[in-house]
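J.: First to last, the sequence lines map onto chains A and B.
Going by the working numbering, the letters in the first sequence line up with residues 2 to 296, in that order.
Going by the working numbering, the letters in the second sequence line up with residues 7 to 323, in that order.
Take this structure first; my questions come after.
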Amino acid sequence: MSAMTEIALQAPPATRSRGYWATVGRRILRDKVSLVCAVILIAIFLSAICAPWLGLADPYQGSMIRRLRHIGTVGYPLGTDELGRDMLARLIYGGRLSLIIGILPVILAFVIGTSLGLVAGYVGGKVNTAIMRTIDVFYAFPSVLLAIAISGALGAGIVNSIVSLTVVFIPQITRVSESVTTSVRNMDFVEAARASGAGPFTIMRVHMLGNVLGPIFVYATGLISVSMILAAGLSFLGLGTKPPEPEWGLMLNTLRTAIYVNPWVAALPGVMIFAVSIGFNLLSDGLRSAMDIRN
Amino acid sequence: MFIYIARRIVYVIPILISVALVCFMLVHITPGDPLVAVLPADASQELADQMRAAYGFDRPLPVQFGLWLWRALNGDLGHSIATGRPVLAEVMRAVGNTVMLAVAAALIGFTLGLFFGLIAGYFRDTWIDKVATSIAIAGVSVPHYWLGMVLVIIFSVQLSWLPAVGAGPGGSAAWAWDWEHIRYLILPAITTSVIPMGIVTRTVRALTGDILSQDFVEALRAKGLRETGVFRHVIKNAAPTAMAVMGLQLGYMLGGSILIETVFSWPGSGLLLNSAIFQRDLPLLQGTILVLAMFFVILNLLVDIAQAAIDPRIKRS
Numbered sequence: 002m003s004a005m006t007e008i009a010l011q012a013p014p015a016t017r018s019r020g021y022w023a024t025v026g027r028r029i030l031r032d033k034v035s036l037v038c039a040v041i042l043i044a045i046f047l048s049a050i051c052a053p054w055l056g057l058a059d060p061y062q063g064s065m066i067r068r069l070r071h072i073g074t075v076g077y078p079l080g081t082d083e084l085g086r087d088m089l090a091r092l093i094y095g096g097r098l099s100l101i102i103g104i105l106p107v108i109l110a111f112v113i114g115t116s117l118g119l120v121a122g123y124v125g126g127k128v129n130t131a132i133m134r135t136i137d138v139f140y141a142f143p144s145v146l147l148a149i150a151i152s153g154a155l156g157a158g159i160v161n162s163i164v165s166l167t168v169v170f171i172p173q174i175t176r177v178s179e180s181v182t183t184s185v186r187n188m189d190f191v192e193a194a195r196a197s198g199a200g201p202f203t204i205m206r207v208h209m210l211g212n213v214l215g216p217i218f219v220y221a222t223g224l225i226s227v228s229m230i231l232a233a234g235l236s237f238l239g240l241g242t243k244p245p246e247p248e249w250g251l252m253l254n255t256l257r258t259a260i261y262v263n264p265w266v267a268a269l270p271g272v273m274i275f276a277v278s279i280g281f282n283l284l285s286d287g288l289r290s291a292m293d294i295r296n
Numbered sequence: 007m008f009i010y011i012a013r014r015i016v017y018v019i020p021i022l023i024s025v026a027l028v029c030f031m032l033v034h035i036t037p038g039d040p041l042v043a044v045l046p047a048d049a050s051q052e053l054a055d056q057m058r059a060a061y062g063f064d065r066p067l068p069v070q071f072g073l074w075l076w077r078a079l080n081g082d083l084g085h086s087i088a089t090g091r092p093v094l095a096e097v098m099r100a101v102g103n104t105v106m107l108a109v110a111a112a113l114i115g116f117t118l119g120l121f122f123g124l125i126a127g128y129f130r131d132t133w134i135d136k137v138a139t140s141i142a143i144a145g146v147s148v149p150h151y152w153l154g155m156v157l158v159i160i161f162s163v164q165l166s167w168l169p170a171v172g173a174g175p176g177g178s179a180a181w182a183w184d185w186e187h188i189r190y191l192i193l194p195a196i197t198t199s200v201i202p203m204g205i206v207t208r209t210v211r212a213l214t215g216d217i218l219s220q221d222f223v224e225a226l227r228a229k230g231l232r233e234t235g236v237f238r239h240v241i242k243n244a245a246p247t248a249m250a251v252m253g254l255q256l257g258y259m260l261g262g263s264i265l266i267e268t269v270f271s272w273p274g275s276g277l278l279l280n281s282a283i284f285q286r287d288l289p290l291l292q293g294t295i296l297v298l299a300m301f302f303v304i305l306n307l308l309v310d311i312a313q314a315a316i317d318p319r320i321k322r323s
């Protein structure tokens with residue numbers, strides 16, 4: 002045993018190699034724009050989660066005598082809405098529902114689309130044709146139209162709007178997943194895994210997923226930005242949640258009548274949607290360049 | 007070229023049929039009886055059955071689809087439940103206004119997008135690039151319905167320069183190309199243009215960067231070609247892809263206009279869709295979506311053909 006340690010000690014110290022994801026993480030932390038976006042997004046998320054413990058006013062409690070106060074009014078830092086409810090509280094509480102209906106569809110589509118793409122790309126042949134031609138049909142609709150068609154047919158409601166957005170995003174993620182899988186399928190390491198007796202499920206899970214996950218993750222991060230806008234848009238049209246629930250899109254809709262009285266308070270919920278959307282967009286760009294290790 | 011076009015058209019037919027199937031199924035995923043909106047609340051069972059037979063809802067689904075598709079091919083998309091007028095006539099009247107809005111927005115968005123994209127790609131990693139890229143990111147991330155509201159707040163509420171809603175003093179029927187009417191188009195068109203502006207900027211910037219890093223550009227410069235000449239080569243090489251992206255964006259503007267038309271009460275297909283949804287006017291909902299999706303598919307086909315016409319490499323693949 003001592004001889005072994007002798008040899009080990011004599012060997013030149015191995016250069017410390019980090020894992021791929023550790024490298025990506027380090028590169029992201031050096032990117033100032035991504036870092037700022039991440040901090041802002043985390044702040045919005047945390048405030049939404051911790052809303053009940055932040056000592057805010059009741060977001061449902063209105064008052065007829067203090068409707069549409071301006072931004073900066075004492076006691077109402079962001080003013081009050083058309084029913085006299087505190088805007089700050091409603092914007093922070095609104096994050097809870099808005100973030101869920103904006104992000105959940107992307108997560109669901111991520112899981113379903115990635116699996117569909119893996120199967121289509123790996124199995125190939127008739128299975129690929131069946132899956133990808135079905136996907137093509139959904140590409141024949143502009144995404145806004147498809148989301149509104151499905152949720153308009155299903156009727157208003159949070160679950161329906163999540164379902165419709167998930168259906169809109171599945172084809173997009175499936176296409177990315179399928180094209181990456183197809184390009185990896187015939188590489189030597191997959192051949193090697195197959196030769197050493199790995200079954201199709203193992204190959205897909207162990208060897209394909211690792212390669213596919215990166216590009217899809219970047220894509221899905223950018224998709225959250227679209228999803229936030231569309232989800233709030235559905236609520237804005239009246240297809241999402243119902244009053245008096247605080248939700249950014251719905252708040253924008255109900256405050257629309259107040260633009261002649263107190264325009265800037267009416268515009269506030271849109272600022273939140275914009276902030277989250279641009280944050281995820283920039284984060285997706287940052288991730289993409291951080292994951293492109295060749296640079 | 008002729009063979010290429012013929013092949014593309016043949017590929018599109020199954021897509022069109024599937025799109026029709028999706029539109030047909032929309033009515034059947036709606037919860038509740040589709041007759042609810044037509045029947046009085048105290049209708050007898052007998053009347054309900056009569057109506058069901060009249061609308062064909064008593065037949066098996068594939069038969070219903072076949073009949074519906076056949077009528078649709080003959081231009082009969084049924085009648086609107088709310089107004090009783092033929093759906094196709096209602097949709098076509100509204101689509102005209104949407105096309106007008108989309109074309110105006112395309113003129114603004116594509117011009118700015120091409121300009122920002124070219125200069126950002128050409129002056130890569132300079133402050134010009136950073137400014138143009140930031141504008142593009144803001145354009146694709148902004149909730150456009152909110153931007154519409156903000157523009158109304160600034161230009162209608164605060165400055166009273168432009169009207170907030172509608173399509174002119176006499177409604178859309180009395181449209182004319184004079185300032186009195188064009189004023190109404192400005193805000194909705196600017197609002198619609200921000201997303202395509204952002205996307206075209208990002209696409210063209212990436213294209214320009216790629217082209218400039220290719221060897222032939224180096225060769226052109228070594229040969230002594232002036233920068234304006236190099237620029238011409240960049241534009242020529244970027245054109246096919248940029249055009250395809252712009253075609254797709256035009257399609258998105260036509261089909262995805264509902265939010266902006268709702269904000270501005272612009273009497274186009276989006277506003278029609280909105281009222282169809284909230285009046286539970288299913289034939290109108292189905293018909294509007296079908297027409298818009300058909301437009302989108304055909305526009306994509308035209309873009310593909312145009313792209314092949316200017317870029318011979320595409321036909322070969």
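For every residue, glycine included, the Cβ atom is placed at its ideal position computed from N, Cα and C.
In this text, all values refer to a predicted model and were calculated from it rather than measured experimentally.
With H, G and I counted as helix, E and B as strand and the rest as coil, what does DSSP make of Asp87/A?
T.: strand
J.: Helix, strand or coil: how does DSSP classify His239/B here?
T.: In this structure, His239/B counts as helix in the three-state DSSP scheme.
J.: Using the three-state DSSP reduction, which class does Thr258/A fall into: helix, strand or coil?
T.: Correct three-state label for Thr258/A: helix.
J.: Rounded to whole angstroms, what is the Cα-Cα separation between Ile87/B and Val93/B?
T.: 9 Å
J.: How about Trp207/B and Ile283/B: do their beta carbons lie closer than 9 Å?
T.: The sequence shown places Thr at residue 207/B, not Trp. If you check the CB distance, Thr207/B and Ile283/B do not come in under 9 Å.
J.: Could you spell out the range, first to last residue, of the alpha helix (DSSP H) harbouring Thr294/B?
T.: Leu288 to Ile316
J.: What are the start and end residues of the alpha helix (DSSP H) that includes Asp286/A?
T.: Pro264 to Met292
J.: To the nearest angstrom, how far is it from the Cα of Arg319/B to the Cα of Met7/B?
T.: Those two C-alpha atoms are separated by around 12 Å.
J.: Of the residues Ala90/A, Thr130/A, Gly80/A and Gly95/A, which one's Cα is nearest the Cα of Asn263/A?
T.: Gly80/A
J.: So that I know if they touch, is there some Cβ in chain A lying closer than 9 Å to that of Ala282/B?
T.: yes
J.: For Leu92/B, list the residues DSSP reports as bridge partners.
T.: In the sequence as presented, Leu is not what sits at residue 92/B; that position holds Pro. Per DSSP, His85/B.
J.: Tyr151/B versus chain A: which residues are under 7 Å apart at the beta carbon?
T.: Residues of chain A whose Cβ lies closer than 7 Å to the Cβ of Tyr151/B are, in chain order, Gly234 and Phe237.
J.: Taking 9 Å as the CB-CB cut-off, is Phe116/B touching chain A?
T.: no
J.: Under 9 Å between C-beta atoms, does Thr104/B make it to chain A?
T.: no
J.: Under the three-state reduction of DSSP, which class applies to Thr247/B: helix, strand or coil?
T.: helix
J.: From Val109/B to Leu238/A, what distance separates their C-alpha atoms?
T.: Rounded to whole angstroms, Val109/B to Leu238/A spans 24 Å at the Cα level.
J.: Suppose you measure from the CA of Asp216/B to the CA of Leu67/B; what does that come to, to the nearest Å?
T.: 52 Å
J.: Run down chain A in chain order and give the residues with a C-beta less than 8 Å from the C-beta of Ile87/B.
T.: Under the 8 Å cutoff, chain A gives no residues; its nearest Cβ is about 14 Å from Ile87/B.
J.: Look at the alpha carbon of Pro246/B and the alpha carbon of Thr36/B, and state the distance between them as a whole number of angstroms.
T.: 42 Å
J.: Give the DSSP-derived three-state secondary structure of Thr74/A in the structure shown.
T.: strand
J.: Does the beta-carbon of Asn187/A have 16 or more other beta-carbons within 10 angstroms, so that it is buried, or is it exposed?
T.: exposed
J.: Look at the Cβ atom of Ala299/B, then the Cβ atom of Phe142/A, and state whether they are nearer than 9 Å.
T.: yes
J.: In angstroms with no decimal places, state the Cα-to-Cα distance between Met252/A and Pro270/A.
T.: 7 Å
J.: Would you report the Cα separation of Ala121/A and Leu308/B, rounded to the nearest angstrom?
T.: Ala121/A and Leu308/B have their alpha carbons spaced roughly 29 Å apart.
J.: Could you tell me whether the Cβ atoms of Thr104/B and Ser263/B are closer together than 9 Å?
T.: yes
J.: Quick check on DSSP: helix, strand or coil for Thr81/A?
T.: strand
J.: Is there at least one Cβ from chain B nearer than 9 Å to Ala226/A's Cβ?
T.: Note on residue identity: the sequence assigns Ser, not Ala, to residue 226/A. Yes, Ser226/A counts as interfacial toward chain B.
J.: Which residues in chain A sit within 9 Å of Val240/B, going by Cβ to Cβ distance?
T.: Per Cβ cutoff of 9 Å: no residues; Val240/B is ~23 Å from chain A at best.
J.: Starting from Phe170/A and walking both ways along the alpha helix (DSSP H), at which residues does that stretch end?
T.: Ile159 to Arg186
J.: Quick test of your reading: Leu193/B and Gly154/B, contact by CB under 8 Å. State the CB separation rounded to the nearest angstrom.
T.: 7 Å
J.: Against chain B, which members of the stretch 145-161 of chain A pass a CB distance test of less than 7 Å?
T.: Val145, Leu146, Ile149, Ala150, Gly153, Ala154, Leu155 and Gly156
J.: Please check if any C-beta of chain A sits within less than 9 Å of the C-beta of Pro20/B.
T.: In terms of beta-carbon proximity, Pro20/B lines the interface with chain A, with at least one pair separated by less than 9 Å.
J.: Closer than 8 Å, Cβ to Cβ, to anything on chain A: give me those residues from the stretch 232-259 of chain B, in chain order.
T.: Gly257 and Tyr258
J.: For chain A, is any of its Cβ atoms less than 9 Å away from the one on Ser147/B?
T.: yes
J.: Under the three-state reduction of DSSP, which class applies to Gly262/B: helix, strand or coil?
T.: Coil.
J.: Near Leu84/A, what residues of its chain come up, given a Cβ to Cβ distance below 6 Å and the 5 sequence neighbours on each side ignored?
T.: Gly63
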